[in-house]
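S.K.:
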Amino acid sequence: MNSILLGSIPQIPLAHWIDNFVNWLVQFTGFFNGVTNFIGSINNAFQWFFDLVPIWLFIVLVLALTYYINRDQQNWGLLIFEFLGLLMIWNLDFWRDMTQTLTLVLTSSLIALVIGIPLGILMAKSHTAEIILKPVLDFMQTMPAFVYLIPAVALFGIGMVPGIVASVIFAMPPTVRMTNMGIREVPDELIEAADSFGSTEWQKLFKVELPIAKTSLMAGVNQSMMLSLSMVVIASMIGAMGLGTKVYFAVGRNDAGNGFAAGLAIVVLAIILDRLTQSLTRTRRKH
Amino acid sequence: MSTQKSTKVEVNNLTKIFGKHINKAKELSRQGKDKAEILKETGATVGVDRADFKIYDGEIFVIMGLSGSGKSTLVRMINRLIEPTEGEVLIDGENLMKIDKKQLREVRRKKMSMVFQNFGLLPNRTILENAEYGLEIQGVDKATREAKAKEALDTVGISGYNDEYPDQLSGGMQQRVGLARALANDPEILLMDEAFSALDPLNRTDMQDQLLDIQERLHKTIIFISHDLNEALKIGDRIMIMKDAKVIQTGTPEDILTHPANEYVEEFIENVDRSKVLTAGNVMIRPTIVNIEKAGPRLALKMMKDTEVSTAYVVDSSRNLLGIVDANDVIRLVREKNGDLTSIVQTKVPTTSEDTPISDLLDDISQTGIPFAVINDKKQLRGIIVRGAVLGALAGNEVSDFE
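Here the protein sequences line up with chains B and U, keeping their order. For the first sequence, numbering that gives the first Met the number 0 assigns the number 0 to the initial residue and increments by one for each residue that follows. For the second sequence, numbering that gives the first Met the number 0 assigns the number 0 to the initial residue and increments by one for each residue that follows.
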């Protein structure tokens, strides 16, 4: 069929080109080792902290944090859910897996945020940047996440780090997009007001644009976090530890019970992270 | 009056063309094509077309026009929020087009502040923090800027809302904050872009009065954009009327009402409540005057017959008003062969000064049969106000029978 339709047009060696590109990248071992070590150390710092804190204290801290963030409108339902959910994870003996997953999510969200917000600002400020970044973001978000794992392993080895890198690529677009959108949606009159009083570009950014874009920006962060959580199971295929590994193993053994149990633990973690970041999204006032 | 004032802002040949083909549009505009033709031929929109004007120190200069007339673009070129295509803006003689970004920031921080139609307040900041904004970005320390912001909020009459947020205040209150934010910098020039247009009529009148009040105390140079001629006439020391990117007429409110430059302005001022703007001096006519030191009853009677009036105004040689004489009394004197008018002069004549607005006189004019005498400080007779002339002036006819 192929040959009838396309006649004598030779097949484009796309796969071959990409292989060559990845192989070419591999020669920068020093650079990628450096990145691996850097990401690894952030990851280890989170993990070190979570291993240090006793489980009961961890639960108390989460509840206290929730209470503090929502101090102006108490949500007892969420507190009860968190308490029971975390107890369940403890009881099912998923605690360490949960903290590994949490570490992966926090590390990749943090990196996505640190890279994504400035990119979003750049995109809002520069028309050229927007034209270039838009298709790149579309690509990053729509390319099946599994595909990232292949070069990630080649460049960063196996373990947590390639999982984090794949998560960052997959999860960063919403932060960039929402930051861009938030800043572009700041009313013209406020920009004019900032300019007319003689603000510098930085003053305008930090005193007017970012505070007003905050709601949209935080919504982007929340989405990024949820997307990186969705990468947890996929990342376990290349050796990222955590709840994802349990699910992955259960799939291999056709073990529905353990699969769902680990899946539920992920759901609990997802809901807690989602509610906490959503509460941060709300604008808080002094009184 | 205004010729003695020094020039604060001078605008020369200021032009803004939006879109592509700017040079072609400029060329067409020089050939005398109008905004619509240029848009059709080049796709470029002429925002402001070669505006020339001067604004004097301490005046309220109203730039007036309907939407699309270019007034908002013009005011934004004065602080370079919009970069002009051509022309220059001089502030105290300094050409704003020749300064760099840093100097421009300095001018915006120190010399002029802007008040916006929809207030432009930062929703995430309290009232006090909003009022502090201009000082905050200049790096003024917290205590000083708080004190100045509070003072500015006091000036516009809204203290006690310091910790509220903008959306907790009514529109009128929010615009007071906008004004306070502008005043906190203590600028020399205030740019007010349709500042009161978003307010309901009562609030708007209130704010207009307050602005005049504040101006009385602070003597800023205020450039006020408006599409409401009544507002322009009320607060403007001078008014500039724009249409389709061009300046049509510049003058005092009276100038514009009494000598509209063309049909457009005439049409524009048709709906104005003239009674608030026209003064006794604008509508007074020349009365029949009898100089008591020179004229007797016969001359007085002849003059009254010639001008077909039944009342004459009696003055002395220095034109001081003594009273009026009625034709019937004069005829009686003539019959009695009495040569002295003094006995029949009625001294009870309603008087007013030249700068009294007609609106203050309307009631009295309709109640008294005798026309008002308009006198100056020295009690000299300047003219009289008859009902017909008042109604004519309110209807838009020029009062023409005054010398």
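Using N, Cα and C, we set each Cβ at its ideal position, and we do this for glycine too.
(1) Under 9 Å, CB to CB, which of the residues in the stretch 103-118 of chain U have a partner in chain B?
(2) Spell out the partners DSSP gives residue 159 of chain B in its beta bridges.
(3) CB residue 76 of chain B to CB residue 267 of chain B, shorter than 8 Å?
(4) Which residues in chain B sit within 9 Å of residue 73 of chain U, going by Cβ to Cβ distance?
(5) Under 8 Å, do residue 64 of chain U and residue 44 of chain U count as touching if we go by C-beta distance?
(6) Determine, for residue 15 of chain U, whether the minimum Cβ-Cβ distance to residues of chain B falls below 8 Å.
(7) The beta strand (DSSP E) that contains residue 114 of chain B, what's its start and end?
(8) State the DSSP-derived secondary structure class of residue 52 of chain U, mapped to helix, strand or coil.
(9) Compute the Euclidean distance between the alpha carbons of residue 385 of chain U and residue 359 of chain U, then round it to the nearest angstrom.
(10) For residue 180 of chain B, which residues of its own chain have a beta-carbon under 7 Å away from its beta-carbon, when the five flanking residues on both sides are left out?
(11) Within 7 Å: the Cβ of residue 54 of chain B and any heavy atom of the ligand NAD?
(12) Are the beta-carbon atoms belonging to residue 227 of chain B and residue 111 of chain B less than 8 Å from one another?
(13) Does any C-beta atom of chain U lie closer than 8 Å to the C-beta of residue 211 of chain B?
(14) Name the two residues that bound the continuous beta strand (DSSP E) containing residue 192 of chain U.
(15) Pairs of beta-carbons, one from the stretch 198-207 of chain B and one from the stretch 255-265 of chain B, closer than 8 Å: are there three or more?
(16) Below 8 Å, can you find three or more Cβ-Cβ pairs linking the stretch 21-31 of chain U to the stretch 221-229 of chain U?
(17) How many angstroms separate the CA atom of residue 149 of chain B from the CA atom of residue 135 of chain B?
(18) Could you confirm whether any beta carbon from chain U is found closer than 8 Å to the beta carbon of residue 202 of chain B?
(19) Figure out for me which residue from U/33, U/89, U/150 and U/392 has the closest Cα to the Cα of residue 273 of chain U.
(20) Chain U partners of residue 189 of chain B, CB-CB under 7 Å?
(21) Are the C-beta of residue 78 of chain U and some C-beta of chain B separated by less than 8 Å?
(22) Run through the DSSP bridge pairs and tell me what residue 85 of chain U is partnered with.
(23) Just the chain B side, please: which residues come within less than 8 Å of residue 133 of chain U by C-beta, in chain order?
(24) Which whole runs of the beta strand (DSSP E) in the stretch 209-281 of chain U are 3 residues long or more, in chain order?
(25) Can you list, in chain order, the residues of its chain with a C-beta nearer than 8 Å to that of residue 144 of chain U? Leave out the 5 residues immediately preceding and following it.
(26) What does residue 207 of chain B reach in chain U if we use C-beta pairs closer than 7 Å?
(27) Against chain D, does residue 186 of chain B count as a neighbour if the rule is that its beta carbon must be under 8 Å from one of theirs?
(28) State yes or no: is the beta carbon of residue 218 of chain B nearer than 8 Å to at least one beta carbon in chain U?
(29) At least one CB of chain U closer than 8 Å to the CB of residue 165 of chain B: is that the case?
(30) Let's test the definition: count the other Cβ atoms within 10 Å of the Cβ of residue 102 of chain B and tell me whether it reaches 16, buried, or not, exposed.
(31) Would you call the CB atoms of residue 145 of chain B and residue 233 of chain B closer than 8 Å?
(32) For residue 196 of chain B, count neighbouring Cβ atoms within 10 angstroms of its own Cβ and tell me buried if that reaches 16, exposed if not.
(33) Distance check for residue 163 of chain B and residue 242 of chain B, CA to CA, integer angstroms please.
(34) Tell me which residues share the same chain as residue 228 of chain U and place their Cβ nearer than 7 Å to its Cβ, disregarding the 5 neighbours each side in the sequence.
(35) Cα separation between residue 401 of chain U and residue 180 of chain U?
(36) Please state whether the Cβ-Cβ distance between residue 78 of chain U and residue 107 of chain U is less than 8 Å.
M.R.: In brief:
(1) Residues are counted here when their Cβ sits less than 9 Å from a Cβ of chain B; for the stretch 103-118 of chain U these are 103, 104, 105, 106, 107, 108, 109, 111, 112, 113, 115, 116, 117 and 118, given in chain order.
(2) Counting from one through the first sequence, the residue named residue 159 of chain B turns up at place 160. The partner list for residue 159 of chain B (beta bridge, DSSP) is empty, contrary to what the question assumes.
(3) Walking along the first sequence from the start, residue 76 of chain B turns up at place 77. Walking along the first sequence from the start, residue 267 of chain B turns up at place 268. The answer is no: Cβ separation not under 8 Å.
(4) Walking along the second sequence from the start, residue 73 of chain U turns up at place 74. What residue 73 of chain U touches in chain B: nothing, since even the nearest Cβ is about 15 Å away.
(5) Numbered from its first residue, the second sequence carries residue 64 of chain U at position 65. Numbered from its first residue, the second sequence carries residue 44 of chain U at position 45. Not a contact, by the Cβ cut-off of 8 Å.
(6) Counting from one through the second sequence, the residue named residue 15 of chain U turns up at place 16. Taking Cβ atoms only, chain B never reaches closer than 8 Å to residue 15 of chain U, which makes this a no.
(7) The residue given as residue 114 of chain B occupies position 115 in the first sequence. Annotation: residue 114 of chain B is outside any beta strand (DSSP E); the continuous alpha helix (DSSP H) that includes it extends over 94-124.
(8) One-based indexing of the second sequence puts residue 52 of chain U at position 53. If DSSP states are grouped into helix, strand and coil, residue 52 of chain U belongs with the strands.
(9) The residue labelled residue 385 of chain U in the question sits at position 386 within the second sequence. The residue labelled residue 359 of chain U in the question sits at position 360 within the second sequence. When rounded, the distance between both Cα atoms is 15 Å.
(10) On the first sequence, position 181 is the one that residue 180 of chain B refers to. So the list reads 215, once near-sequence residues are dropped.
(11) As presented, the structure is devoid of all ligands, the ligand NAD included, so that no description of it is given.
(12) Looking up residue 227 of chain B in the first sequence gives position 228. Looking up residue 111 of chain B in the first sequence gives position 112. A contact, by the Cβ cut-off of 8 Å.
(13) Locating residue 211 of chain B in the first sequence gives position 212, counting from the first residue. Closer than 8 Å: yes.
(14) Locating residue 192 of chain U in the second sequence gives position 193, counting from the first residue. Under the DSSP assignment, residue 192 of chain U falls in the beta strand (DSSP E) whose first and last residues are 188-192.
(15) Contact between the stretch 198-207 of chain B and the stretch 255-265 of chain B is absent: fewer than 3 CB-CB pairs across the two stretches fall below 8 Å.
(16) Touching, no, given that fewer than three Cβ pairs across the two stretches are closer than 8 Å.
(17) The residue given as residue 149 of chain B occupies position 150 in the first sequence. The residue given as residue 135 of chain B occupies position 136 in the first sequence. Approximately 19 Å between the Cα atoms of the pair.
(18) As a working mapping, residue 202 of chain B is identified with position 203 in the first sequence. Residue 202 of chain B counts as touching chain U.
(19) The sequence position of residue 273 of chain U within the second sequence is 274, counting from 1. Closest option to residue 273 of chain U, Cα to Cα, is U/392.
(20) As a first step, residue 189 of chain B must be located in the first sequence, where it is residue number 190. Ordered by position in chain U, the residues that pass the 7 Å Cβ test against residue 189 of chain B are 119 and 121.
(21) Taking the first residue of the second sequence as position 1, residue 78 of chain U is located at position 79. True, the Cβ-Cβ gap to chain B drops below 8 Å.
(22) Translated into the one-based positions of the second sequence, residue 85 of chain U becomes position 86. Residue 85 of chain U pairs with U/14.
(23) Residue 133 of chain U sits at position 134 when you count from the first residue of the second sequence. Taking the beta carbon of residue 133 of chain U as reference, the chain B residues within 8 Å of it are 196 and 197, listed in sequence order.
(24) For the stretch 209-281 of chain U, whole beta strand (DSSP E) runs of length 3 or above, ordered along the chain, are 220-225, 237-242 and 245-250.
(25) Here residue 144 of chain U is taken as the residue at index 145 of the second sequence, counted from 1. Answer for residue 144 of chain U: 131, 134, 135 and 183, listed in chain order.
(26) Numbered from 1 along the first sequence, position 208 holds the residue referred to as residue 207 of chain B. Neighbours of residue 207 of chain B on chain U, chain order: 121.
(27) Looking for chain D here will not work: the only protein chains present are B and U.
(28) Start at 1 with the first residue of the first sequence, and residue 218 of chain B comes out as number 219. Against chain U, the CB of residue 218 of chain B has no partner CB under 8 Å away; the residue lies outside that interface.
(29) Sequence index remark: in the first sequence, residue 165 of chain B carries index 166 (1-based). Residue 165 of chain B does not count as touching chain U.
(30) The sequence position of residue 102 of chain B within the first sequence is 103, counting from 1. Result: buried.
(31) For the purposes of this step, residue 145 of chain B is taken as residue 146 along the first sequence, with counting starting at 1. For the purposes of this step, residue 233 of chain B is taken as residue 234 along the first sequence, with counting starting at 1. Yes.
(32) Residue numbering aside, residue 196 of chain B sits at position 197 when the first sequence is read from its first letter. Residue 196 of chain B is buried by the Cβ-count criterion.
(33) Here residue 242 of chain B refers to the residue found at position 243 when the first sequence is read from its first residue. Here residue 163 of chain B refers to the residue found at position 164 when the first sequence is read from its first residue. Cα-Cα distance, rounded: 15 Å.
(34) The residue you call residue 228 of chain U lines up with position 229 of the second sequence. Short of 7 Å from the beta carbon of residue 228 of chain U, and not among the five residues preceding or following it, lie these beta carbons of its own chain, in chain order: 63, 267, 268 and 271.
(35) Against the second sequence, residue 401 of chain U aligns to sequence position 402. Against the second sequence, residue 180 of chain U aligns to sequence position 181. Reliability of the predicted coordinates at residue 401 of chain U is poor, the pLDDT of 43 falling under 50, and the value obtained from them is presented with this limitation in mind. Using only the alpha carbons, I get a separation of about 48 Å.
(36) For the purposes of this step, residue 78 of chain U is identified with residue 79 of the second sequence, where counting begins at 1. For the purposes of this step, residue 107 of chain U is identified with residue 108 of the second sequence, where counting begins at 1. Yes.
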